[in-house]
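In terms of the working numbering, the sequence shown opens at residue 584 and continues consecutively.
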Amino acid sequence: MCWKRHADWGFVLEINMSKESKPHIGIFGRRNNGKSSIINALTGQETAIVSEQAGTTTDPVKKSLELPGVGASVLIDTAGIDDVGDLGKKRVEKSLKSLETIDAALLVIAENTFGTPEEELIASFKKHQIPFLILHNKSDLSPLSDQLSEMVKSKYDKEIIPFSAHASNSDILLQKLKDIIPETVYQRKSLLSGIINSGDVVLLIAPQDSEAPEGRLILPQVQVIRDILDNEAIAIVTKIAEAETFLKKMNPKPDLVITDSQVFHQVKQFVPAEMPLTGFSIVLASQHGTFYDYLQGTPTIAELQNDDNVLILESCTHHVTCDDIGRHKIPTWMQQFTGKKLNFDVVAGVETIPRPITDYALILQCGGCVLTKKQILGRVTPALGHRIPLSNYGMAIAFMQGIFDRAVRPFLKTD
């Protein structure tokens with residue numbers, strides 16, 4: 584059995600849905616500097632393979648961690664930045680690619696070795712605006728020299744932290760990590776704050792068809808239900824087949840209706856025009872997307888011309904089916920709506936974009952339910968710099984189905 588993909592959630596067979604919005608912390612350094620040992624020390628588990636042989640870590644490896652004062656976080660163990668050979672070069676490229684997804688970094692040095700690889704990494708951290716710490720690992724075997732400490736302090740205004748994976752100083756490191764992670768990464772604003780009030784009733788129309796994972800709600804539905812409860816409001820959930828009948832009987836009437844973008848065309852037929860209506864993907868965009876950039880960019884769908892290139896950004900890799908929302912449905916709907924022959928590139932996760940960013944007439948981001956705001960901004964900022972129009976799945980579908988103004992209205996501030 585293969586599961587399919589919704590416009591609003593990005594669920595796939597391979598994805599761990601519980602990772603959404605966790606701070607991501609990358610661990611970088613040369614081969615055999617003890618990066619994997621640090622992972623094990625911080626998690627208190629034999630998570631990463633530790634070996635005296637250089638190059639044991641090949642692809643970036645992720646491990647969940649409960650960080651005091653922050654909550655659930657993700658550690659990313661990367662390959663050595665001094666790896667050699669053709670395969671080593673590819674490993675380094677993958678490690679550097681992870682800079683697009685992390686919120687903080689640890690630069691691990693050892694034996695007082697600090698040179699070009701470390702300087703280039705620090706330059707990359709600064710380029711991506713990533714806060715970082717510098718650890719001198721194995722300090723029990725080779726103490727940090729005063730000369731190196733003073734040089735780094737003078738050049739980078741950074742204190743090098745002496746560390747040993749075999750000593751009991753993990754708590755100090757965890758606290759320092761907590762201090763450098765931006766609070767905006769883990770202290771998320773409410774999805775519906777300012778949209779609903781205490782005591783409001785919100786009707787969620789949640790299709791549970793063959794595209795939904797068996798026995799579970801999809802991630803955005805769970806997120807929205809929790810957010811409604813956090814706002815001391817009332818959540819009522821129904822499938823689309825029962826929604827119309829229930830809405831007629833419902834008293835009091837809902838203050839807001841939220842549904843899957845793919846069924847906008849059905850839901851708008853029976854939800855009264857005066858009743859606020861939006862989609863899960865649009866709700867997510869209001870929190871961790873570039874909402875107002877999507878708002879401005881979406882109407883340019885109507886201006887697309889023959890042979891224009893459209894880039895579709897998915898949050899994650901997944902099994903592709905004939906009903907895939909990003910790879911089949913949206914391209915089909917967009918060509919039908921515009922009457923034009925368009926070229927579509929689909930990029931999943933942190934895959935490389937196949938063309939120069941300036942070759943695209945429109946960029947479409949999925950709902951991004953498994954991404955942090957920083958990760959989404961990292962993907963779309965190059966487009967913003969070149970004034971390339973942006974949209975997201977939910978807004979694009981709403982526009983093509985003639986419900987765009989209504990679907991975004993709940994999130995527009997009015998005097």
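Idealized CB from N, CA, C, for every residue including glycine.
Nearest to Arg989 by C-alpha distance, out of Tyr943, Ala856, Val963 and His871, is Ala856. Counting other Cβ atoms within 10 Å of its Cβ, Gly951 reaches 16 or more and is therefore classed as buried. In summary, Val785 is buried, with 16 or more beta-carbon neighbours lying within 10 Å of its beta-carbon over all protein chains present. Positions of the alpha helix (DSSP H) runs, each at least 4 residues long and wholly inside the region 782-848, are given as 802-813 and 823-832 in order along the chain. Taking the Cα positions, Lys645 is about 26 Å away from Ala868. Shortest Cα-Cα distance from Ser781 to any of Glu815, Val866 and Ile959 involves Glu815.
Gly609 has Ile659 and Ala688 as its beta-bridge partners, per DSSP. The C-beta of Leu945 has 16 or more other C-beta atoms within 10 Å across all chains shown, which makes the residue buried. Sequence-distant partners of Leu894 (beyond 5 residues in either direction) whose C-beta falls short of 6 Å from its own C-beta, in its chain, are Asp928, Tyr943 and Ile946. Remark: C-beta atoms of Thr861 and Pro726 do not approach each other more closely than 8 Å.
Rounded to whole angstroms, Leu954 and Asp740 show a C-alpha spacing of 31 Å. Here Ala662 is buried, its C-beta having at least 16 other C-beta atoms within 10 Å. Per DSSP, Leu867 is one residue of the alpha helix (DSSP H) stretching across Phe863 to His871. Between the beta-carbon of Leu896 and that of Arg962 there is about 6 Å, and that keeps the pair under the 8 Å contact cut. Rounded to the nearest whole angstrom, the CA to CA distance from Asp813 to Gly698 is 50 Å. The C-alpha of Glu676 lies about 27 Å from the C-alpha of His871.
By the 16-neighbour rule on beta-carbons within 10 angstroms, Arg910 is buried. Selection Asn889, Gln948, Asp810 and Asn834 evaluated against Lys923 yields Asn889 as nearest (Cα-Cα). According to the DSSP secondary-structure assignment, Val893 is paired through a beta bridge with Phe927 and Leu945. In the DSSP assignment, Ser647 forms a beta bridge with Val657. Residue Ala789 holds the alpha-carbon nearest to the alpha-carbon of Glu825 among Ala818, Arg799, Ala789 and Pro835. Here DSSP, grouped into helix, strand and coil, assigns Ser725 to coil. Spatial neighbours of Glu694 in its own chain (CB-CB distance under 6 Å, excluding positions within 5 residues in sequence) are listed in chain order as Ser725.
Contact annotation, Leu760 with Ile608: C-beta distance approximately 6 Å; criterion of less than 8 Å satisfied. Going by C-alpha positions, Gly880 is about 27 Å away from Leu787. The three-state secondary structure of Ile713, taken from DSSP, is coil.
Taking the Cα positions, Gly985 is about 41 Å away from Ile713. Straight-line spacing of the CA atoms in Thr626 and Phe746 works out to 15 Å.
Considering only Glu683, Val846 and Leu960, the residue with the shortest C-alpha distance to Thr935 is Glu683. His911 sits in a helix when the DSSP states are folded into three classes.
A Cβ-Cβ contact shorter than 8 Å links Val820 with Ile808. DSSP places Asn975 within a strand segment (E or B) once states are collapsed to three.
Relative to the Cα of Leu775, the nearest Cα in the group Val866, Lys618 and Glu703 belongs to Val866.
When DSSP states are grouped into helix, strand and coil, Pro937 belongs to the coil group. Distances from the alpha-carbon of Pro837 to those of Ala981, Asp876 and Met858 put Met858 closest. In the DSSP secondary-structure assignment, His719 is bridged to Ile692 and Pro745.
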